[in-house]
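Student: Numbering (our numbering), first residue to last: 202 to 504. Glycine is no exception: its CB is placed at the ideal position from the N, C-alpha and C atoms. Here the structure is a predicted model, which is why all the values come from computation and not from measurement.
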Ligand SMILES: Cc1ncc(COP(=O)(O)O)c(C=O)c1O
């Protein structure tokens, strides 16, 4: 298919071939930025990560990202080996080394580190965590709104790899995305264990019906920082917003749908399972929320 795309699509930027990457305290050229084949993250997906965005010298919602990183690390019993300030310093050092001032995206990853033997038991990871920060020049650019397909892969219960964890292992989401692509869509819409619409494989999901904004209850999906900002912005601006259960029937009949995530902010959805949503273009409520979000970022920058 010629028009394959994803929600994390950005303008081509040749500078990304020459970026410097943080690997365990060293900042090295991309070609030298490697981790061991014994690394817990490579071998088992045993780690947690955050995606952060730089706007005019300011890492948006940095405190929330650092909170979520440390909460996730605590949940998987992983000692990051740095305190909050240490992680922020590493992020800023990487930014500075790359001379980046705006329109950059960072993927900050921490794994349980190098294992003694190639087996699962976490006690085999004895040499401390591995931390990597990949920071790229990034200006999101989508040629058209996103097409989604519903897939059989569910957002599971919290006792089976809590779907709120930003874990390295994303196999459930990857399988969902593969199924969606095979169905001719860009990305997957995933249901919860009760069959209600929940989230996509990589972003949170919202619909607009008769001027109201609906998103899932928040169970079974990533506690997205952008998701929460959108809810807060709607409340502050008098847009009715509900975190509730809703079905595919409600979704097919929505006037608008959009995704949220740090990378793309709010991304319009044109189609779900071959049904056009609304006009198939970005709707007025999505546009209003995008403008409110842009203003919020500006407010953050000027703090
Ligand atoms: C599965 C999933 N949903 C949603 C999000 C969006 O979260 P945020 O708005 O904090 O970037 C992410 C990003 O990490 C994700 O992996």
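1) Decide if the segment 347–366 is in contact with the segment 322–331; the criterion is three or more beta carbon pairs, one per stretch, under 8 Å apart.
2) Return the chain-ordered list of same chain residues with a C-beta closer than 6 Å to the C-beta of residue 532, the five sequence neighbours on each side being excluded.
3) For residue 422, which residues in the same chain have their Cβ closer than 7 Å to its Cβ, ignoring the five residues on either side in sequence?
4) So which residues put a beta carbon under 6 Å from any heavy atom of ligand 1, going in chain order?
5) Are there 16 or more other CB atoms within 10 angstroms of the CB of residue 367, so buried, or fewer, so exposed?
6) Can you tell me whether DSSP reads residue 203 as helix, strand or coil?
7) Alpha carbon to alpha carbon, how far is residue 203 from residue 387?
8) Could you check which residue in 213, 504, 498 and 426 has the C-alpha nearest to that of residue 343?
9) Thinking residue 217 and residue 338 are a contact (beta carbons under 8 Å), I'd like their distance in whole angstroms, please.
10) In whole angstroms, what is the alpha-carbon distance linking residue 285 and residue 391?
11) What does the Cβ neighbour count give for residue 484, buried or exposed, with the cut at 16 atoms within 10 Å?
12) Using the three-state DSSP reduction, which class does residue 405 fall into: helix, strand or coil?
13) For residue 254 and residue 209, which I take to be in contact (beta-carbon distance under 8 Å), what is that distance rounded to the nearest angstrom?
14) I'd like to confirm the pairing. Which residues does DSSP put opposite residue 326 in its beta bridges?
15) Opposite residue 246 in the DSSP bridges: which residues?
16) Taking the alpha-carbon of residue 315 as reference, which of 264, 259 and 241 has the nearest alpha-carbon?
17) If you check the beta carbons only, do residue 252 and residue 463 fall under 7 Å apart?
18) Sorted by chain position, which residues of the same chain lie with C-beta nearer than 8 Å to residue 411's C-beta, five sequence neighbours on each side aside?
19) Under a Cβ-count criterion, where at least 16 other Cβ atoms within 10 Å of its own Cβ denotes burial, should residue 479 be classed as buried or exposed?
20) Using C-beta distances below 8 Å, list every residue in its chain close to residue 486, excluding the 5 sequence neighbours before and after it, in chain order.
21) How would you label residue 230, buried or exposed, when you count the other beta carbons within 10 angstroms and need 16 or more for buried?
22) Which same chain residues, not among the five before or five after residue 323, have their C-beta less than 8 Å away from its C-beta?
23) Output the boundary residues of the beta strand (DSSP E) element that contains residue 148.
Tutor: A quick look at the data gives this:
1) no
2) Examination of residue 532 is not possible in this model, given that the chain is present from 202 through 504 alone.
3) 356, 364, 399, 400 and 405
4) 252, 367, 374, 400, 403, 404, 405, 423, 425, 426, 427, 428, 461, 462 and 463
5) buried
6) Residue confidence for residue 203 is low, a pLDDT of 45 falling below 50, so the modelled location carries little weight; the figure read from the coordinates is stated next. Correct three-state label for residue 203: coil.
7) Note that residue 203 scores 45 on pLDDT, short of 50, meaning its location in the model is unreliable and no value can be drawn from it.
8) 213
9) 6 Å
10) 33 Å
11) buried
12) strand
13) Not quite, the Cβ-Cβ distance comes to about 12 Å (not below 8 Å), so this is no contact.
14) 316
15) BP columns for residue 246 are empty, so no partner.
16) 241
17) yes
18) 456
19) buried
20) 409, 412, 414, 440, 456 and 457
21) exposed
22) 241, 247, 278 and 313
23) The structure shown does not extend to residue 148, since the chain is modelled only from 202 through 504, so no value can be given for it.
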